[in-house]
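Undergrad:
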Amino acid sequence: MHKLTSGCVKAALIIGEDPMQSDRFSSYFANVEFTVAMDWAQTETALLADIALPGTTYLESEGTRFNYEGRSARFTKAVNPPSGVQGWEVLARLAAALGLRVPGTLAEATSELRLLVRDNTGERFAFYWNEGEPHSWDGKGKLQVADVKTAPTPIAPAMTECERYKRSLREVGEERFRVL
5 MHKLTSGCVK AALIIGEDPM QSDRFSSYFA NVEFTVAMDW AQTETALLAD
55 IALPGTTYLE SEGTRFNYEG RSARFTKAVN PPSGVQGWEV LARLAAALGL
105 RVPGTLAEAT SELRLLVRDN TGERFAFYWN EGEPHSWDGK GKLQVADVKT
155 APTPIAPAMT ECERYKRSLR EVGEERFRVL
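My numbering numbers the first residue of the sequence shown as 5 and each following residue consecutively.
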């Protein structure tokens with residue numbers, strides 16, 4: 005947050021998040037000169053971005069996901085995205101346009117990512133990328149309580165598209181009106 009507010013960050017690529025819906029979070033981006041948003045819905049962030057890229061939902065894309073245990077699960081798309089391009093393909097094209105080497109297929113990208121995780125996590129690999137391997141721990145190390153001082157802060161829960169729609173409705177007597 006400090007880098008954002010101090011002006012160190014000149015450009016931002018925001019994927020699937022909507023920080024501009026909240027005054028608190030949108031203020032962090034006041035010094036960002038160029039913003040790109042990638043999302044499947046028309047969010048405040050996408051509307052305010054210099055460029056909006058088409059994102060996809062989990063139903064419109066294929067790939068690998070990880071649960072809280074680090075266990076991987078491959079998935080396939082159920083429907084085609086309206087843009088005709090999956091989110092990972094948009095990111096791959098953007099990376100290629102920026103001169104970065106990009107794997108040719110999703111399988112190649114997943115394989116490269118798996119090797120990077122393996123090479124950088126060592127014996128902890130099964131905790132980060134687990135394809136059914138047993139988790140093993142040598143018993144060394146211990147849990148340590150973090151020295152953090154906190155105070156409750158009121159943070160509104162993230163609004164879903166359904167909640168946005170409900171908030172755009174106003175009741176007047178027995179009739180409901182959409183606020184535009």
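Every residue, glycine too, gets a C-beta built ideally from N, C-alpha and C.
No experiment lies behind these values; they were computed from the predicted model shown.
#1: Taking the DSSP output, what are the residues bridged to Pro58?
#2: Round the Cβ separation of Leu57 and Met24 to the nearest angstrom and send it over; I've been treating them as touching at under 8 Å.
#3: When you compare only the Cα positions, how much space is there between Leu117 and Gly108?
#4: I'd like the span of the beta strand (DSSP E) that includes Leu17, first residue to last.
#5: Identify the residues that DSSP records as bridge partners of Gly88: which are they?
#6: So which of Arg105, Phe129, Gly88 has the shortest CA-CA distance to Pro138?
#7: Please report the distance separating the alpha-carbon of Phe33 from that of Asn84.
#8: Skipping 5 residues on each side, what residues in its chain have a beta carbon closer than 6 Å to that of Thr157?
TA: By the coordinates alone:
#1: Taking the sequence shown and counting its residues from 1, the one referred to as residue 58 is at position 54. Asp43, per the DSSP bridge assignment.
#2: The count along the sequence shown starts at 1 and reaches residue 57 at position 53. The count along the sequence shown starts at 1 and reaches residue 24 at position 20. Not a contact, Cβ separation roughly 15 Å.
#3: Taking the first residue of the sequence shown as position 1, residue 117 is located at position 113. Taking the first residue of the sequence shown as position 1, residue 108 is located at position 104. Taking the straight line joining both Cα atoms gives about 13 Å.
#4: Translated into the one-based positions of the sequence shown, residue 17 becomes position 13. Unbroken beta strand (DSSP E) run through Leu17: 15–19.
#5: The count along the sequence shown starts at 1 and reaches residue 88 at position 84. In DSSP, Gly88 forms no bridge with anything.
#6: The residue labelled residue 138 in the question sits at position 134 within the sequence shown. Comparing Cα-Cα distances from Pro138 to each of Arg105, Phe129, Gly88, the minimum goes to Phe129.
#7: Residue mapping note: residue 33 aligns to position 29 of the sequence shown, counting from 1. Residue mapping note: residue 84 aligns to position 80 of the sequence shown, counting from 1. One C-alpha to the other measures close to 33 Å.
#8: In the sequence shown, the residue the question calls residue 157 occupies position 153. Closer than 6 Å at the Cβ level, and outside the excluded window around Thr157, lies no residue.
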